[in-house]
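Below is one structure, written out as C-alpha cells; the observations come after it.
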Amino acid sequence: MSDIYDVVIIGAGPAGLAAAIYTSRDRHRTIVLDKMIPGGQINNTDRIENYPGFLKISGTELVSQMEEQCRTFGAEIRQLAQVTALERMPDGLIRVEINKKETIRARAIILTPGSDYRKLGVPGEDRFRQAGTGVSYCGTCDAPFFKDKTVVAVGGGNTALQESLHLAKYVKKLYLVHRRQEFRAESILVEELEHVVKKGKIELVLDSRVTSIEGKDRVEQAVTLNIKTNQVRTIDCDGVFIFVGMIPNTGFLKGFVELDEAGFIKCDPWYLRTNVPGVFTAGDCRIGAAMQLATATGDGVNVAMVLDRYLKDPHWWSKPGP
Ligand SMILES: Cc1cc2nc3c(=O)[nH]c(=O)nc-3n(C[C@H](O)[C@H](O)[C@H](O)COP(=O)(O)OP(=O)(O)OC[C@H]3O[C@@H](n4cnc5c(N)ncnc54)[C@H](O)[C@@H]3O)c2cc1C
Numbered sequence: 000m001s002d003i004y005d006v007v008i009i010g011a012g013p014a015g016l017a018a019a020i021y022t023s024r025d026r027h028r029t030i031v032l033d034k035m036i037p038g039g040q041i042n043n044t045d046r047i048e049n050y051p052g053f054l055k056i057s058g059t060e061l062v063s064q065m066e067e068q069c070r071t072f073g074a075e076i077r078q079l080a081q082v083t084a085l086e087r088m089p090d091g092l093i094r095v096e097i098n099k100k101e102t103i104r105a106r107a108i109i110l111t112p113g114s115d116y117r118k119l120g121v122p123g124e125d126r127f128r129q130a131g132t133g134v135s136y137c138g139t140c141d142a143p144f145f146k147d148k149t150v151v152a153v154g155g156g157n158t159a160l161q162e163s164l165h166l167a168k169y170v171k172k173l174y175l176v177h178r179r180q181e182f183r184a185e186s187i188l189v190e191e192l193e194h195v196v197k198k199g200k201i202e203l204v205l206d207s208r209v210t211s212i213e214g215k216d217r218v219e220q221a222v223t224l225n226i227k228t229n230q231v232r233t234i235d236c237d238g239v240f241i242f243v244g245m246i247p248n249t250g251f252l253k254g255f256v257e258l259d260e261a262g263f264i265k266c267d268p269w270y271l272r273t274n275v276p277g278v279f280t281a282g283d284c285r286i287g288a289a290m291q292l293a294t295a296t297g298d299g300v301n302v303a304m305v306l307d308r309y310l311k312d313p314h315w316w317s318k319p320g321p
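This is how it looks when you write it as C-alpha cells:
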C-alpha cells in the first residue's frame with residue numbers, strides 16, 4: 000500500500016480523534032499517530048461532567064468510543080508512533096518522520112499534540128493528582144467537586160485569577176497563593192478579585208509559594224513558605240488547584256511552523272491554518288485554545304471540514320477568512 004495519506008493527524012487526543020472521525024467519514028485516507036496511547040490528557044480523569052451529552056463519563060470510556068468511531072469509518076490509529084520531524088517537499092506533500100526511523104507522506108496535516116499542565120514540582124503533587132484525591136489543574140472542570148470545601152489555588156496570571164474566581168462560586172473558602180505582591184493578570188480581573196477578597200471568600204497568601212501538599216489518602220493540608228519572611232504556614236484544605244501555566248507539546252515543530260513565544264501554534268482564527276500550506280492545527284496546542292475537551296473536539300471537527308475544501312482545491316489555502 001502507498002505511504003501517501005490524504006491526512007496525517009499528529010496526536011490522538013480528543014482533537015485528533017474528532018478530526019479523524021470526520022476525515023475518514025469523508026473518505027479521506029486518514030492515519031492518527033500518537034507517541035503514547037490514544038486519548039491524550041482526558042485518559043487521566045474518571046469523571047467528566049461538562050462534555051455535552053454526558054451527565055457523567057470517564058475519560059477512558061469516552062476515548063474508547065471515539066477510537067471505535069474512527070476505526071469504524073476507516074481511520075488507522077497508531078500508538079507509540081512519535082512524530083520526530085516534518086518537512087514540506089517541493090511536490091507539496093509533507094514528509095512525516097516517525098520515531099526517527101520511518102517516513103510516511105501526507106497531502107494535509109492536522110497538528111493536535113496538545114499541552115501539558117506546568118507542575119509545581121513539590122512533594123505530594125503527583126501523589127494526589129489521581130482524580131478525587133485533591134490536586135487539580137482545571138477549576139472549570141473540577142469546581143463542582145469542591146462545593147462548600149476549602150481549597151488552595153496557586154498562580155498569579157489571567158488563568159489563575161479567572162479560575163480562582165470561578166472556584167470561589169462553589170467553595171467555602173479559597174486561599175490564593177502567589178509568589179509576588181502584584182498579579183500579572185488584566186486589571187479587570189484583579190479588581191474583581193479584590194472585590195471577592197473583601198467579602199472574605201478569597202484570602203490572599205502573597206510573596207509565598209507552596210512547598211508541599213500533605214495528607215493520608217487525599218489532600219488535607221498545603222504548606223506555604225513566605226519567601227520574604229521565611230515564615231512557614233500550614234493551611235488545612237480539601238484540594239489544591241495549580242494554575243501556573245501550560246507547556247505545549249510543540250518542541251518537534253520548531254522551525255517547521257510558526258509558534259508564539261510560549262510555543263503555542265499560530266493559526267488563523269477562522270480555519271485554523273498554520274503558516275505552512277496544507278498544515279492545520281486544533282485543540283490545546285494552538286494559540287487561544289480554551290483548554291477544554293469540548294473545544295478541542297470542536298476544533299478537530301472544524302478543521303476536518305475545511306480540510307475537505309483544501310484537498311478538493313489546494314488554491315483554497317490562499318483565500319482569506321470570511
Ligand atoms: C486530569 C485532567 C482532567 C480533565 N478534566 C476535564 C474535564 O472534566 N472537562 C474538560 O472539558 N476538560 C478536561 N481536561 C482537559 C482536556 O483533557 C483537554 O482540554 C483535552 O484533552 C485537549 O485535547 P487535545 O486533543 O488538544 O490534546 P491532548 O489531550 O493533550 O492530546 C494530545 C495527544 O498528542 C500526543 N502527542 C504529543 N506530541 C506528539 C508527537 N510528537 N507525536 C505523536 N503524538 C504526540 C500526546 O501523546 C497526546 O495523546 C482535563 C485534563 C486533565 C489532565
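Residue numbers are given in numbering that gives the first Met the number 0: position 178 of the sequence shown equals residue 177, and the series is strictly consecutive. Ideal Cβ positions, reconstructed from N, Cα and C, are used throughout, including at glycine.
Local conformation of residue i per DSSP, three classes
i, result
"ARG87", "strand"
"TYR4", "strand"
"ILE36", "coil"
"MET245", "strand"
"GLU162", "helix"
"TYR21", "helix"
"TYR116", "strand"
"ALA293", "helix"
"ARG285", "strand"
"PHE279", "strand"
"LYS326", "As shown, the chain starts at 0 and ends at 321. That puts residue 326 outside it, with no answer to give."
"LEU79", "coil"
"ARG70", "helix"
"GLU191", "helix"
"ARG208", "strand"
"SER135", "strand"
"ARG308", "helix"
"VAL62", "helix"
"ALA107", "strand"
"VAL31", "strand"
"VAL218", "coil"
"LEU16", "helix"
"VAL121", "coil"
Neighbourhood of residue i by C-beta distance below 6 Å, restricted to the same chain and skipping five residues each side
i, result
"THR22", "VAL6, THR29 and ALA303"
"ILE326", "Residue coverage of the chain in this structure runs from 0 to 321, which leaves residue 326 outside it and unanswerable."
"ARG77", "LEU32"
"HIS177", "GLY155 and LEU205"
"ALA19", "ILE8, THR29, VAL31, CYS69 and ALA74"
"THR296", "PRO13 and ALA17"
"MET352", "The structure shown does not extend to residue 352, since the chain is modelled only from 0 to 321, so the question has no answer here."
"GLU162", "GLY138 and PHE242"
"GLU158", "Rather than Glu, the amino acid found at residue 158 in this sequence is Thr. So the list reads PHE242, once near-sequence residues are dropped."
Proximal residues to residue i (C-beta, below 8 Å), its chain only, five neighbours per side dropped
i, result
"ARG217", "PHE127, GLY131, THR132, GLY133 and ASP237"
"GLY320", "ASP267, PRO268, TRP269 and TYR270"
"VAL189", "LEU160 and PHE182"
"ARG24", "PHE72"
"PRO51", "ALA293"
"LYS168", "ALA142"
"VAL195", "LEU164, ALA167 and ILE201"
Residues bridged to residue i (per DSSP)
i, result
"VAL151", "TYR174 and VAL239"
"ARG232", "THR223"
"ILE41", "None; ILE41 has no bridge partner."
"LEU203", "LEU175"
"ARG272", "PHE279"
"VAL256", "LYS253"
"VAL302", "Answer is none; VAL302 lacks a bridge partner."
"ARG94", "GLU86 and ARG104"
"GLU213", "GLN220"
Spatial neighbours of residue i in its chain, beta-carbon cut-off 7 Å, leaving aside the 5 residues before and after
i, result
"MET88", "ARG94"
"HIS165", "GLY138, THR139 and ALA142"
"THR149", "VAL170, LYS171, LYS172, ASP235, CYS236 and ASP237"
"LYS99", "THR83"
"GLU260", "none"
"GLY58", "GLY38, ILE41, ASN42, ASN43, THR44, ASP45 and ILE47"
Assess, as a yes-or-no matter, whether the region 301-318 is touched by the region 272-292 under the definition of 3 or more beta carbon pairs within less than 8 Å. yes
Are at least three pairs of beta-carbons, each pair with one atom in the region 101-118 and one in the region 200-211, less than 8 Å apart? no
For the region 244-251 and the region 112-121, state whether three or more C-beta atom pairs, one from each stretch, are separated by less than 8 Å. yes
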